[in-house]
Structures are given as C-alpha cells and as structure tokens.
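Start counting the sequence shown at 93; every next residue gets the next number (this note's numbering).
Cβ coordinates follow ideal geometry from the N, Cα and C atoms, glycine included.
Since the model is a prediction, treat every value here as computed from it, not as a measurement.
Written below as structure tokens is the structure these notes are about.
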Amino acid sequence: MDNNMLMITLRELLVLLMQNRTLPEKSADALRYCREHIADGALPINIYAEYRDMVDHLEELASENRSIAPDDLLRSGGDLMLGILLLYEKLAVENTMNNMAPHGVHYC
93 MDNNMLMITL
103 RELLVLLMQN
113 RTLPEKSADA
123 LRYCREHIAD
133 GALPINIYAE
143 YRDMVDHLEE
153 LASENRSIAP
163 DDLLRSGGDL
173 MLGILLLYEK
183 LAVENTMNNM
193 APHGVHYC
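As structure tokens, then:
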C-alpha cells in the first residue's frame, strides 16, 4: 500500500471517529475498517509499529468488557486521534521528501 492510499485511509478513520456515537461503537467501526482496508503485510516497515499500536488502542476501546472511567475514556480517545494524526503527518513528510528527491536520495 503506498503512502497516499494509507493517508486516505487514515482520513477515513478520523471521519469514523468523529461520528455522534459512543467511543466504543466508533472504535469498533474504525477497527473493522482497518481490518477490511489495511493489510498488515502491505504496510511500510517504518510505520508498522505505530499502526499496530493504533489497532491495539482501537481494540481496547472497542472492548465491551472494560471498566474505564469516563475521563480516562475521553483522554484515551483523544490519544487515539492524536496518534492517527501523527501517523498521517509522518506519511506526509515522507511523501514530501520522496517528491523532493525522486531517486530515493533524501537531503535534510
């Protein structure tokens, strides 16, 4: 999966998490979306760990058998959205660097 498609998918995840439903319901939808649209083997190696952390976070939030205080649940949802945005930013920076150096040579 190329970075542009992954960025589009991350935007869709953010849209799912912005709906007017409970955080566990939104997290379950986002988790289902990840499983349907992002294959672990198709991810670039440089973002695999962050992606797995995001999926683990979604699994925790979507779990029906959890006892998380409302404040912690809200903070956890915010952490999840921030993680998605940071992953999106990492992909955008990589795209920019690749466009600046089309032959794979990066200049910093």
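Checklist entry - Just to confirm, are Tyr180 and Leu102 a CB contact at a threshold of 8 Å? => result yes
Checklist entry - If you draw a straight line from the C-alpha of Pro127 to the C-alpha of Leu105, how long is it? => result Residue identity differs from the one stated: residue 127 is Arg in this sequence, not Pro. Answer to the nearest angstrom: the Cα atoms are 12 Å apart.
Next on the checklist: Can you look up Asp94 in the DSSP assignment and give me helix, strand or coil?
Outcome noted: coil
Next on the checklist: At the level of alpha carbons, what is the spacing between Ala131 and Ser159?
Outcome noted: 30 Å
Item to check | Whole-angstrom C-beta distance between Ala120 and Ala154, which should lie under 8 Å | outcome: 4 Å
Next on the checklist: Looking only at its chain, what residues have a beta carbon closer than 6 Å to the beta carbon of Glu142, apart from the 5 residues adjacent to it on each side?
Outcome noted: Leu179
Item to check | Proximal residues to Leu98 (C-beta, below 7 Å), its chain only, five neighbours per side dropped | outcome: Leu183
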